[in-house]
Amino acid sequence: MNDGTAGAEVVSLYEAHRKVYPREVEGRFARLRTLAAFVLLGIFYGLPWLQWNGRQAVLFDLPARKFHLFALTLWPQDFLYLSWLLILAALTLFFVTAVAGRVWCGYACPQTVWTEAFLGLERLVEGGRPQRLKLDRTPWTAEWVARKGLKQFLWISFAAWTGFSFVAFFTPARELAGNVVNLELGGWETFWILFYGFATYGNAGFLREQVCRYMCPYARFQSAMFDHDTLIVSYDPGRGEPRGARKRGVDPKAAGLGDCVDCTICVQVCPTGIDIRQGLQYECIACAACVDACDDVMERVGYQPGLIRYATERELKGEKTHYFRPRVLVYGGLLAALGIGFVVSLSLRQPIGLDVLRDRNALYRVLPGGDVENVYSLRILNKDDSAHRYVIETQPAGVFQVDAGPVDVSAGEVRAVPTRIRVRAADLSRAPRDLKISVRVADTPGLTAGHATRFFVPAQEIDDDDHHD
Ligand code: SF4
Ligand code: SF4
Numbered sequence: 000m001n002d003g004t005a006g007a008e009v010v011s012l013y014e015a016h017r018k019v020y021p022r023e024v025e026g027r028f029a030r031l032r033t034l035a036a037f038v039l040l041g042i043f044y045g046l047p048w049l050q051w052n053g054r055q056a057v058l059f060d061l062p063a064r065k066f067h068l069f070a071l072t073l074w075p076q077d078f079l080y081l082s083w084l085l086i087l088a089a090l091t092l093f094f095v096t097a098v099a100g101r102v103w104c105g106y107a108c109p110q111t112v113w114t115e116a117f118l119g120l121e122r123l124v125e126g127g128r129p130q131r132l133k134l135d136r137t138p139w140t141a142e143w144v145a146r147k148g149l150k151q152f153l154w155i156s157f158a159a160w161t162g163f164s165f166v167a168f169f170t171p172a173r174e175l176a177g178n179v180v181n182l183e184l185g186g187w188e189t190f191w192i193l194f195y196g197f198a199t200y201g202n203a204g205f206l207r208e209q210v211c212r213y214m215c216p217y218a219r220f221q222s223a224m225f226d227h228d229t230l231i232v233s234y235d236p237g238r239g240e241p242r243g244a245r246k247r248g249v250d251p252k253a254a255g256l257g258d259c260v261d262c263t264i265c266v267q268v269c270p271t272g273i274d275i276r277q278g279l280q281y282e283c284i285a286c287a288a289c290v291d292a293c294d295d296v297m298e299r300v301g302y303q304p305g306l307i308r309y310a311t312e313r314e315l316k317g318e319k320t321h322y323f324r325p326r327v328l329v330y331g332g333l334l335a336a337l338g339i340g341f342v343v344s345l346s347l348r349q350p351i352g353l354d355v356l357r358d359r360n361a362l363y364r365v366l367p368g369g370d371v372e373n374v375y376s377l378r379i380l381n382k383d384d385s386a387h388r389y390v391i392e393t394q395p396a397g398v399f400q401v402d403a404g405p406v407d408v409s410a411g412e413v414r415a416v417p418t419r420i421r422v423r424a425a426d427l428s429r430a431p432r433d434l435k436i437s438v439r440v441a442d443t444p445g446l447t448a449g450h451a452t453r454f455f456v457p458a459q460e461i462d463d464d465d466h467h468d
């Protein structure tokens, strides 16, 4: 009986991993990638050691809930700036992707940059692509063990240094280094150094292109930001096809061939192991290694460079590329407006904060003689890098008398100040029920922070409509 499966082929949905051995490549884009890697890794590993006014220049001090960014210290009250920064980063990514495709992936993504670094160490120890391929096919020999062992040692050391540097953004680097040397690391510090180091080792040493192919969500939604005018790494089939090997000096047109000599060097240099000649693929991270490689081949066979190049779909069809299109203008306009707003808002930010809490157990107290007193708790926040003296005042002045002298608050400190405000019995009838308590920085004219509140007197209804101004 024929059950309908005769001749059917069983196809596995599981794709076995094929290790990629990217060939070394030289050229202008390779130099640009190396420069980007040096700058970005230099920032990551160097920044925790940079000092600014006696403290670490960039430190995310979570226990103290303060983020130090050079001269700027952000407090929980400044959370808005952090959200603003994240929105700016997302918009920048959208804008750059709409204009130039996945250049972020090719030049600046941590996965790409660390993979380049780990690959560099691998090449240093095991040699170029042919040597690596040969080594992986040989059985365990003394040379195999020595090379693989040295590579692992370098990888693990580099990963551990990466984990340390990551934690050094949250715990001062010098203190952390002392703790490592004296074996006095805390539990969380140990965990995060190991976790981040292990993640770097696994992602950049072993998973590599698989992170881009299977794990990265950006690769999945990037196509929504592409259009026919986006710059992508493209093979020019009109010029390259039909591809084929040929003898040196043969006129390709006469031989019925295009410019592609089918040397497959563009595939060998690709860090994700794809063949760009098959058209745009989501695995392509736009690193342009294939552009450099193919330009080199073209030069050697005496053809024009640019068979593989950054080009738009329109350009490949012989049409004009539209650089200024609605999508780019909208992203660009939003980015410019939000960027300017961010800089202006940050430059106008006052390094002072004030919170006022009223004593709710006793709304008011009638003193001997008929004077009425309200008690408040002021929290003065000095967001500056130097100590200041603060003078507490009220508006309107005159009827309200403040029973608290000037307060000294050191840099980055929050000082709670119990404050009594009094109205004399004779002034009760003309005293307004709304008042503003403010603190003025004594040594910086014009720097004040205020808080509107209520003043309660006997037989007054409770109204809880306090608000900041
Ligand atoms: S490197 Fe250039 S010439 Fe060689 S196969 Fe790739 S596209 Fe063709
Ligand atoms: S196809 Fe070219 S640009 Fe894309 S990932 Fe491979 S080498 Fe990089």
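Numbering that gives the first Met the number 0 numbers the first residue of the sequence shown as 0 and each following residue consecutively. The beta carbon of each residue, even a glycine, is placed where N, CA and C say it ideally should be. Predicted model only: the values in this text are computed from it and were never measured.
Looking at the structure shown, is R247 part of a helix, part of a strand, or coil, going by DSSP?
Note: R247 maps to coil in three-state DSSP.
Could you name the residues of the same chain whose beta carbon sits closer than 7 Å to that of E534, not counting the 5 residues immediately before and after it, in chain order?
In the structure as shown, the chain starts at 0 and stops at 468, and residue 534 therefore has no counterpart that could be examined.
Pick from W113, L31, F28, R128: whose alpha carbon is nearest that of L18?
It should be noted that the sequence gives Lys, not Leu, for residue 18. Among W113, L31, F28, R128, the Cα nearest to that of K18 is on R128.
Identify the residues that DSSP records as bridge partners of P417: which are they?
Within the DSSP bridge table, the entry for P417 names S376 as partners.
Heavy atom of ligand 2 less than 7 Å from the Cβ of C269, yes or no?
Indeed, a heavy atom of ligand 2 lies less than 7 Å from the Cβ.
Heavy atom of ligand 1 less than 7 Å from the Cβ of A292, yes or no?
Distances from the CB of A292 to the heavy atoms of ligand 1 include at least one below 7 Å.
For L334 and Y80, I'd like the C-alpha separation in whole angstroms.
L334 and Y80 have their C-alpha atoms some 15 Å from each other.
If we ignore side chains and look at the alpha-carbon of each, how far apart do G340 and E240 end up?
The alpha-carbon separation between G340 and E240 amounts to approximately 51 Å.
Going by beta carbon distance, what residues of the same chain come within less than 8 Å of D291, once the five residues before and after it are set aside?
Leaving aside the five residues that flank D291 on each side, the residues in its chain whose CB is nearer than 8 Å to its CB run, in chain order, V24, E25, G26, R27, F28, A29, V268.
Beta carbon of D228: closer than 7 Å to some heavy atom of ligand 1?
If you check the C-beta of D228 against ligand 1, you find no heavy atom less than 7 Å away.
Below 7 Å, is the gap between the Cβ of R136 and the nearest heavy atom of ligand 1?
False, no ligand heavy atom lies under 7 Å from that Cβ.
Between which two residues does the alpha helix (DSSP H) harbouring Q303 extend?
It is not in any alpha helix (DSSP H) - Q303 carries neither H nor E in the DSSP assignment.
Whether R212 touches E282 by CB criterion (8 Å)
Contact flag set, yes.
Quick check for students: name the residue ranges of the alpha helix (DSSP H) that lie wholly in the stretch 144-188, counting only runs of 4 or more.
Annotation: the stretch 144-188 contains the following complete segments of the alpha helix (DSSP H) (minimum length 4 residues), in chain order: 172-180.
State yes or no: is the C-beta of V422 within less than 8 Å of the C-beta of V371?
It is a contact, given that the beta carbons lie within the stated cut-off.
Cβ neighbours of D464 in the same chain (closer than 6 Å, five flanking residues each side left out):
With a pLDDT of 45 at D464, under the threshold of 50, the modelled position of this residue cannot be trusted, and the question is left open.
Among the candidates Y375, R429, H387, whose CA atom is the shortest distance from the CA of A403?
By alpha-carbon distance to A403, the top candidate from Y375, R429, H387 is Y375.
Of the residues T72, D407, Y389, which one's Cα is nearest the Cα of G445?
Among T72, D407, Y389, the Cα nearest to that of G445 belongs to Y389.
Straight-line CA distance for F481 to I42?
The structure shown does not extend to residue 481, since the chain is modelled only from 0 through 468, so no value can be given for it.
For R212, name the three-state secondary structure that DSSP assigns.
The DSSP-derived three-state label of R212 is helix.
Quick one: what does DSSP say S385 is sitting in, helix, strand or coil?
If DSSP states are grouped into helix, strand and coil, S385 belongs with coil.
Drop a sphere of 10 angstroms on the beta-carbon of M214, count the other beta-carbons inside from all chains shown, and report buried for 16 or more, exposed for fewer.
When all chains shown are included, M214 counts as exposed.
Terminal residues of the beta strand (DSSP E) in which A451 lies
Here the beta strand (DSSP E) through A451 covers 447-453.
Any non-hydrogen atom of ligand 1 within 7 Å of R276 CB
Of the heavy atoms belonging to ligand 1, at least one sits nearer than 7 Å to the Cβ of R276.
Check whether chain D comes within 8 Å of A15, counting only Cβ atoms and requiring the distance to be less than that.
Here chain D cannot be found, since the structure has a single protein chain.
Does the beta-carbon of S156 have 16 or more other beta-carbons within 10 angstroms, so that it is buried, or is it exposed?
Its Cβ having fewer than 16 others within 10 Å, S156 is exposed.
Output needed for V355: all residues of its chain with C-beta closer than 7 Å, excluding positions within five of it in sequence on either side, in chain order.
Excluding residues within five positions, the ones whose Cβ falls inside 7 Å are Y375, L377, I436, H450, T452.
Using a Cβ-Cβ cutoff of less than 6 Å, which residues in the same chain neighbour R357 once the five nearest sequence positions on both sides are dropped?
Cβ neighbours of R357 beyond the five flanking positions: Y375.
Between the Cα of R359 and those of F163, F454, L132, G248, spot the shortest distance and give me the residue it belongs to.
Of the candidates F163, F454, L132, G248, the one whose C-alpha sits nearest the C-alpha of R359 is F454.
Any chance you could list the beta strand (DSSP E) runs of at least 3 consecutive residues sitting entirely within the stretch 20-53, in chain order?
Annotation note: the stretch 20-53 contains no uninterrupted beta strand (DSSP E) run of length 3 or greater.
Close-in-space but distant-in-sequence residues of the same chain around F59 (CB under 6 Å, 5 per side omitted)
The beta carbon of F59 lies closer than 6 Å to those of F66, F168, F169 in the same chain, with the five residues before and after it left out.
Indicate the three-state DSSP secondary structure (helix, strand or coil) for R357 in the structure shown.
In the three-state DSSP reduction, R357 falls in the strand class (E or B).
Sorry if obvious, but does the Cβ on I86 come closer than 7 Å to a heavy atom of ligand 1?
For I86, the shortest separation between its Cβ and any heavy atom of ligand 1 does not lie below 7 Å.
Cutoff 8 Å; reference G162; Cβ partners in own chain excluding five residues on either side
So the qualifying residues of the chain are W191, I192, L193, F194, Y195, G196, F197, T199.
Output the boundary residues of the beta strand (DSSP E) element that contains F69.
Taken as a continuous stretch (DSSP letters only), F69 belongs to no beta strand (DSSP E), as it is neither H nor E.
Can you give the Cα-Cα distance for V456 and G331, rounded to whole angstroms?
If I take the Cα positions, the gap works out to 56 Å.
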